[in-house]
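Working notes, beginning with the structure itself.
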Ligand code: SF4
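Numbering (the working numbering), first residue to last: 1 to 426.
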């Protein structure tokens with residue numbers, strides 16, 4: 001198979017029938033995302049003559065890259081008062097920058113094909129509103145022509161550090177995780193605990209001698225051992241240090257400085273403010289720093305701690321459906337490792353995914369506390385998941401060494417299981 005991009009990998013639209021999507025024009029992505037531009041996008045904007053028409057620049061250079069300009073509130077300069085995109089309105093959908101056309105889809109190349117995933121930052125994805133994903137296939141094939149790196153696997157996917165994964169090993173893990181999370185006869189808390197346990201077990205295993213069929217057998221054995229095995233592995237309450245790490249993980253997943261404010265404040269002031277927010281999350285006392293759209297401000301950490309876990313939500317069935325769909329769509333869309341997640345190994349990517357779910361639980365509690373609810377509602381979980389998934393795979397600091405160290409620490413002493421249990425278990 002060519003790696004040069006001249007021979008296309010077939011595009012596989014994820015086989016998660018319960019996941020649907022059509023754009024409903026809410027404009028949230030136009031108000032919330034920073035759009036990096038490619039040379040091809042810049043040429044189109046130039047041809048469209050915006051600088052002459054608007055009398056101002058529509059792009060901005062920042063740290064060596066070019067972005068669509070944003071207003072002071074972070075909204076795209078082309079986002080109009082009626083909620084529509086001005087480029088779309090005047091030149092058509094296909095003339096928009098490719099990142100805007102693609103969202104909320106992602107296309108991640110693998111060895112045999114390129115998989116289509118969806119980002120849960122989009123409200124229509126969250127609520128599974130619209131057409132089946134396969135109906136978008138032709139559009140996606142057209143778009144890949146403008147994103148050549150989506151049609152050739154850039155680097156091999158690693159099973160763990162130094163071990164290149166085979167497609168069959170990845171399939172075995174995807175099948176195992178999916179089979180487990182779809183066990184509706186097992187309570188959601190146990191399924192999420194099992195996912196954390198599976199991740200911890202893979203982190204602890206020496207995989208060098210467990211390759212190919214033996215790896216598939218290992219996954220099958222671990223999955224088959226749950227939930228009986230879990231019943232014999234009681235979870236201790238999370239330690240203060242583990243919960244502090246969870247809050248810091250939340251900080252990393254909600255931090256999203258906008259270019260206008262970065263440019264205005266300068267690098268030093270921005271860094272100092274980030275450090276102060278990071279410290280506040282670690283300490284976990286006083287007020288929760290501002291999280292962003294959809295979250296009330298000025299909520300006390302102490303009030304968040306009083307909110308009941310997800311299992312006590314009156315909307316548990318809807319939360320279960322959403323988290324399983326998110327899990328399946330992320331697995332099939334290859335958004336958990338490799339090119340879909342900072343080039344991370346399958347083992348590290350699975351751990352990060354479990355931590356993401358714990359962060360969603362904690363953020364849902366923050367939102368519930370802000371609304372005076374005793375337990376998170378489905379809306380709280382949706383907003384929290386949208387917040388966490390919007391950063392997945394696109395925030396460089398989440399792919400950095402500090403995040404890996406956090407996961408290494410949480411892989412010890414049942415850390416991942418304990419932080420998941422802290423936000424999920426009744
Ligand atoms: S967030 Fe989703 S539904 Fe809203 S405008 Fe963007 S793509 Fe459309």
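Using N, Cα and C, we set each Cβ at its ideal position, and we do this for glycine too.
Beta-carbon spacing of residue i, residue j below 8 Å
i	j	result
residue 76	residue 246	no
residue 160	residue 347	yes
residue 354	residue 416	yes
residue 433	residue 108	No information on residue 433 is available, as it lies outside the stretch 1 to 426 that the chain covers here.
residue 183	residue 175	no
residue 98	residue 158	no
residue 401	residue 242	no
residue 294	residue 404	no
residue 340	residue 134	no
residue 239	residue 292	no
residue 178	residue 216	no
residue 324	residue 365	no
residue 235	residue 34	no
residue 19	residue 128	yes
residue 237	residue 310	no
residue 374	residue 307	yes
residue 369	residue 299	yes
residue 426	residue 312	yes
residue 407	residue 202	no
residue 126	residue 328	no
residue 219	residue 173	yes
residue 210	residue 363	no
Burial state of residue i, where buried means 16 or more other Cβ atoms lie within 10 Å
i	result
residue 26	exposed
residue 6	Residue placement at residue 6 is poorly supported in this model, since its pLDDT is 44, which falls under 50; the coordinates are not used for a value here.
residue 155	exposed
residue 3	Per-residue confidence for residue 3 stands at a pLDDT of 40, beneath the threshold of 50, marking its modelled position as unreliable; the derived number appears in the next sentence. With fewer than 16 other Cβ atoms within 10 Å, it is exposed.
residue 285	exposed
residue 115	buried
residue 232	exposed
residue 1	With a pLDDT of only 35 at residue 1, under the threshold of 50, the placement of this residue in the model should not be trusted; the figure read from the coordinates follows. Classification for residue 1: exposed.
residue 54	exposed
residue 40	exposed
residue 287	exposed
residue 96	buried
residue 390	buried
residue 10	exposed
residue 272	exposed
residue 414	buried
residue 330	buried
residue 385	buried
residue 24	exposed
residue 59	buried
residue 15	exposed
residue 345	buried
residue 412	exposed
Residue i Cβ short of 7 Å to the ligand SF4 heavy atom set
i	result
residue 25	yes
residue 203	no
residue 28	yes
residue 123	yes
residue 93	no
residue 104	yes
Beta bridge counterpart(s) of residue i as assigned by DSSP
i	result
residue 109	114
residue 76	70
residue 300	287
residue 85	79
residue 11	114
residue 429	The question about residue 429 has no answer here: the residues shown for the chain are numbered 1 through 426.
residue 95	Per DSSP, none; premise fails for residue 95.
residue 59	68
residue 344	338
residue 36	67
residue 20	132
Alpha helix (DSSP H) runs wholly inside the segment 127-206, at least 4 long, in chain order: 137-144, 167-181, 188-204
Segments assigned alpha helix (DSSP H), at least 4 residues, entirely inside the segment 231-264: 240-254
Inside the segment 356-415 only - alpha helix (DSSP H) runs reaching at least 4 residues: 378-391, 401-411
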